[in-house]
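What follows is a short report on a single structure.
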Amino acid sequence: MGLGAGIATRRRRPWAGLAAASILAGLVLCGPATAARLTAAAGVQAERYGRITLTFDTAVTVKARISGAVLVIAFSERSTAFAERLAAQMPDYVSVVRRDPDGTGLRLALQRPYRINVQSAGETTFIDLLPLDWSGLPPPLPPEVVAELFARTQAAEAALRAARPKPPEPARLSLELALRPNLARLSLRLPESATARFERDGAATRLDLPGAWRIDDTATRGRLKPAIAALSVEEDATGARLLVTPAEGYEIRSARDADGATLDVVPRASETKPVEARAPDAPDGARKTAGEAGTGQSEAKPIAPAAVKPPASASHPVVIRPAGPGLVFPFTKMPAAALFERAGIATLVFETSESVTIPAGDPVLSPLGSPDRTGGFVTIRLPVPRERLLDLVPSGPADAPTGWELVAGTDLSASEPLSATRTTGANGRLGVGVKLPNPGGATWLDLDGERIAVVTGYGPKPAGIPKRQTFVDFELLPSRQGVAVLARADDLLVRPDIDGVAIGRDAGMAVSGVARAVDVPLAGIGDLAVERAPWEASRRGDVRDLLRRQLEAVTEASSVARGPLRLTLAKGFLANGLTVEAYGVLKVAVAEDPVLAAQRDVALLVAIAAARMGHTAEARHILDGDGLKSDPEVRLWQGYLDTLAGRWGKADAAFRETSGILERYPDDLQVLLRSAAAEAAIEAGDWDSASRHLTLAGARSPEASERDRLLLLRARIDEVTGRTVAAQESYRRLTEAGRGPVAADAALRAAILGHASGKLPLAETIDRIEALALTWHGDEIETRAIAALANLYRDAGRWRQAFTAARRADVLRGQSPIARALHDSAMALFEELYLGERGANLSGVEALALYFDFKDFAPIDRRGDEIVRRLSDRLVKIDLLDSAGDLLQHQVDRRLTGPARAEVAARLATIRLMDEKPLAALQVLDATYLPELPEDLRRARALLRARALSDLSRTDLALETIDGEPGADAARLRADILWTGRRWREAGEAHETLVGDAWRQRVPLDDTARTDVLRAAIAYGLAKETLSLERLRAKFANPMAEGVDARTFALLTQPNAVRTTGFREIAQKATSAETLRSFLTEYRKRYPDSAVPERAGRDGETRADAEGGPATPPG
2 MGLGAGIATR RRRPWAGLAA ASILAGLVLC GPATAARLTA AAGVQAERYG RITLTFDTAV
62 TVKARISGAV LVIAFSERST AFAERLAAQM PDYVSVVRRD PDGTGLRLAL QRPYRINVQS
122 AGETTFIDLL PLDWSGLPPP LPPEVVAELF ARTQAAEAAL RAARPKPPEP ARLSLELALR
182 PNLARLSLRL PESATARFER DGAATRLDLP GAWRIDDTAT RGRLKPAIAA LSVEEDATGA
242 RLLVTPAEGY EIRSARDADG ATLDVVPRAS ETKPVEARAP DAPDGARKTA GEAGTGQSEA
302 KPIAPAAVKP PASASHPVVI RPAGPGLVFP FTKMPAAALF ERAGIATLVF ETSESVTIPA
362 GDPVLSPLGS PDRTGGFVTI RLPVPRERLL DLVPSGPADA PTGWELVAGT DLSASEPLSA
422 TRTTGANGRL GVGVKLPNPG GATWLDLDGE RIAVVTGYGP KPAGIPKRQT FVDFELLPSR
482 QGVAVLARAD DLLVRPDIDG VAIGRDAGMA VSGVARAVDV PLAGIGDLAV ERAPWEASRR
542 GDVRDLLRRQ LEAVTEASSV ARGPLRLTLA KGFLANGLTV EAYGVLKVAV AEDPVLAAQR
602 DVALLVAIAA ARMGHTAEAR HILDGDGLKS DPEVRLWQGY LDTLAGRWGK ADAAFRETSG
662 ILERYPDDLQ VLLRSAAAEA AIEAGDWDSA SRHLTLAGAR SPEASERDRL LLLRARIDEV
722 TGRTVAAQES YRRLTEAGRG PVAADAALRA AILGHASGKL PLAETIDRIE ALALTWHGDE
782 IETRAIAALA NLYRDAGRWR QAFTAARRAD VLRGQSPIAR ALHDSAMALF EELYLGERGA
842 NLSGVEALAL YFDFKDFAPI DRRGDEIVRR LSDRLVKIDL LDSAGDLLQH QVDRRLTGPA
902 RAEVAARLAT IRLMDEKPLA ALQVLDATYL PELPEDLRRA RALLRARALS DLSRTDLALE
962 TIDGEPGADA ARLRADILWT GRRWREAGEA HETLVGDAWR QRVPLDDTAR TDVLRAAIAY
1022 GLAKETLSLE RLRAKFANPM AEGVDARTFA LLTQPNAVRT TGFREIAQKA TSAETLRSFL
1082 TEYRKRYPDS AVPERAGRDG ETRADAEGGP ATPPG
């Protein structure tokens, strides 16, 4: 450099104007510098000197100096190209060329010492290697360079004067790749204004897009095999170009539609002649009606079509073909056809004497075997593609179609829906008709053991049954064209008719009749089924003698007069508490006397007896009858049933509406119903009404058991109104002196109230209610005890017992409001444990056990999916990778769709990589690929896919997958891939690039940077890159000398270090060390919300293990 400067001062200024022009051209033509690109590097050996020519895409300041026998060239900006061919072009001057990993310069090992001279001309820099005895002026610039600089200066001045606007930025077009068996589809969505031209280039196909476009092929990287051999994208000022080369045995089919351009790479079609379907001759007389053929014979026989000719071609409506792949069936004349579906299998029927072959088409439509001929009908069966709709549309000229096309698309063409109607034949028998336009013939098919009659239609507009219709004797199958009838009767007749299709039987069809009006009830609305006077009279005197005389009257009476006497006897039984006997008498009376059964008071008495026996379902069924809906007395007993069922709002409303009816009832029934009304009022929050009902009930001389119940309800009013001391005392007395349900209920409420008031510890409360739950079973009290225990267990943090209690309530009384509320509470607790703060202290093993034991309490919406994801994170933390992967695999396979599925698949792939299953990770990523994912998700999946490919030793494909991906995580992964692939020189440069300019900052290097430096030194040593090793030592000798790895670095970078025992031991350990942890660390920094947590058991690893070498050299 000094030589050049000296010459410039001694020489006259003839270059001064040229230098000024060069500066002006650089200022005009070079915008803000981003990343320069070295477009050309050439070396020339002249007569007495060597010249290195470096050409960049923008003006770059180049400096050069001699350091020993090494020429160090520094760029003012980073460059991405390489100049390794200089050694071959200048063998007398240069022996080795290496690029600095950070792209800021080159290092050339020289054959002998030289003097250097640097000259810049625009984007080109000339470095001359002069012998030490060189004298005189340095070699001049080439004349053509001087002329070009002058011309560029003039052009730059003209450009400044014109001040032309910048060309528009190219618009991004995303190239998507969809893979299916035997098909690879490249699709490019284009606006309507874009012009696309396809050109053949041998076996390859070129897509030319003139204009400001940029084709982004990121989504296709690493996914081209096996159908596509090569794919390249070019772009310049004139437009963008895409060149696709198919692999051996494949060909390309191109298409341009309103949505964009498509290139399908498919296996090359064979030139074999299609095999004609076997068509046996139909015997004479085989064409008969379907009814004659449907007599249980195993073979299917065709039916002659009705005398209906296809309409004239001039009247054909135009049917628009839906988008999607299809199979075209050409014919000489358009035949009648049918298309129907049964159990996921589509059946296509043509009524034709021509031979039918299956055409080559999209693999989505793959028939099951060859066509099968039955007389004049040909049948083709094929599975219905997933997420596709099958349609049958005419093919050929629009005004006179001659064939049919089977299309698998996402929508359907316009069609005429058909439905069944009831008809009456000439003989008066009922039948069913379907108005199929232009029907063809009919035939019977034996498909998978089922007899199906098919009636074809001429179309051309599709007409079929839109959904399955079930009848007693047959079933209409969903069809797109024609009618298909699944027979359930052996003598079913199906034939084409003038108006469509006629379906019938010899004895007539079983068709629904007309509903008759409901009979008016015999009893009047104002009458009561239970009157006070007769009821109380039945309870006075010698009851046994009264009932005996009534029973004798029944037995001695005639059958006609026996009904009213039985009703009197049943009322006597009911009044004296003999409910079971009353129920039996009423049932016998209703069975023998139809007139008595239609009476309103009899039905109500049966319902009352059933309700008092505990048969609440039967009682409600009777009271909900059409003839009793508006009866106020029925409303009263419906309120009683609502109380038993815990429907407090309905019960309270019913008792308030029927208070007048209740006043007319006998005292013992009033005590029963008013206690129920009081309980409903308490639950509804109406304490005054409840207290009034209790007062009225207590004034009617209740029995001992009823008095205890009234005292319990009074204590409940005391509790809810704040008189807890009185309530607690009442509960205690009832528990000690009471019996049966009242004592159990009082004990339960006393324990709950004592804990709520702070007088009873939590543990003692649980013990008391557990003892009650063990001794009392079978009613609502047990359910409430279980619910109370579940709440107490939750307060105590005993999650397993809380969920077990909720499950027990579901088993015992799943339809009870208490059990349903407890189930909802358990679901809320489950969600809070796994999504809230309550489960923060829950260990991983306990969380896993609770989930699998009680996952029926997990929500089934997106919150349930989030619980599964968080649980998988817990499993990863405790090193249960298999279980974590299985949870996410279930979500990917059966729960999620779209981008959410792709995101969870990325988490699953990470777990598979951590579990050393790269093939499983690659498979889940490929199985969940979607085009046009959000950029962050697409990038994350690309990094994981590259890592999986690297672990499978597919280094080139892994590098291709992340080609062009920016970011620290991508750079770290690229270095790991090169290291795993044992490409030592590139790996060393990649690790040196990761450290960057840290050596300039004059601060100690952190652990990660020191590890990268040591890996770079090991890689350079294994690659025998002496020049790169010297550069690394020059940069990092001082920073590494301040750390704990100073001796290790000195050993690795000393001359001939690779021959030492210490180097071999360090290298052997480094090459066998895993690099996944460093990659996942960078991955979590970039994607903290979607990445899985750190695996358990990794904190104990030493940093020396992570970096692949000991902190100090052996010995």
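Quick note on my numbering: the sequence shown kicks off at 2 and runs consecutively.
Note that beta-carbon positions come from the ideal geometry of N, C-alpha and C, so glycine has one too.
Under three-state DSSP, which class holds residue i?
i        : result
Tyr-251  : strand
His-529  : The identity of residue 529 in the sequence shown is Leu, whereas the question assumes His. Of the three classes helix, strand and coil, the one that applies to Leu-529 here is coil, per DSSP.
Ser-121  : strand
Arg-423  : strand
Phe-332  : coil
Ala-338  : strand
Pro-418  : strand
Gln-802  : helix
Pro-312  : Per-residue confidence for Pro-312 stands at a pLDDT of 43, beneath the threshold of 50, marking its modelled position as unreliable; no derived number is given.
Glu-145  : helix
Pro-463  : coil
Arg-701  : coil
Ala-1131 : This structure gives no information on residue 1131, because the portion of the chain shown stretches from 2 to 1116.
Phe-199  : strand
Gln-816  : coil
Leu-881  : coil
Ile-963  : coil
Pro-479  : coil
Gly-370  : coil
Arg-108  : strand
Beta-carbon separation of residue i and residue j under 9 Å?
i        : j        : result
Arg-567  : Val-586  : yes
Leu-178  : Leu-187  : yes
Lys-462  : Glu-417  : yes
Arg-864  : Glu-832  : yes
Pro-1040 : Pro-1005 : yes
Ser-480  : Gly-465  : yes
Leu-605  : Ile-623  : yes
Identify the residues that DSSP records as bridge partners of residue i: which are they?
i       : result
Lys-64  : Ala-75
Leu-178 : Leu-187
Glu-352 : Ala-337 and Phe-378
By Cβ distance below 7 Å, which residues in the same chain neighbour residue i in space, the five residues on each side in sequence not counted?
i        : result
Glu-451  : Leu-487
Ala-228  : Ala-185, Pro-247, Ala-248, Tyr-251 and Val-266
Arg-222  : Glu-961, Thr-962 and Asp-964
Val-893  : Arg-902, Val-905, Ala-906, Leu-909, Val-925 and Thr-929
Phe-1064 : Gly-1022, Leu-1052, Leu-1053 and Ala-1058
Given residue i, which residues of its chain have a CB within under 8 Å of its CB, disregarding the five upstream and five downstream residues?
i       : result
Tyr-94  : Gly-44, Gln-46, Gly-51, Leu-111, Gln-112, Tyr-115 and Leu-130
Ser-560 : Glu-593
Thr-422 : Val-433, Gly-434, Val-435 and Lys-436
Ser-539 : Leu-547, Lys-572, Gly-573, Ala-576 and Asn-577
Val-71  : Arg-108, Leu-109, Ala-110, Leu-111, Leu-1028 and Glu-1031
Leaving out five residues before and five after residue i in sequence, what residues of the same chain have Cβ atoms less than 6 Å from its Cβ?
i       : result
Arg-279 : Caution is warranted here: a pLDDT of 35 is assigned to Arg-279, below 50, making its placement in the model unreliable, and the coordinate value is therefore given only provisionally. For Arg-279, where only same-chain residues beyond five positions count, there are no Cβ hits under 6 Å.
Gly-837 : none
Glu-990 : Pro-102
Ala-610 : Thr-580, Ala-583 and Tyr-584
Ser-873 : Ala-885, Leu-888 and Leu-889
Gln-90  : Gly-44
Pairing CB atoms from the region 705 to 718 with CB atoms from the region 670 to 679, are three or more of them under 8 Å? yes
Taking contact to mean at least 3 C-beta pairs separated by less than 8 Å, is the region 965 to 976 in contact with the region 996 to 1008? no
Pair every Cβ in the region 778 to 788 with every Cβ in the region 814 to 824, then say whether three or more of these pairs are closer than 8 Å. yes
Tell me, please, whether the region 326 to 342 touches the region 393 to 404 by the rule of three or more beta-carbon pairs shorter than 8 Å. yes
Hey, is the region 682 to 689 in contact with the region 648 to 662, meaning 3+ C-beta pairs nearer than 8 Å? yes
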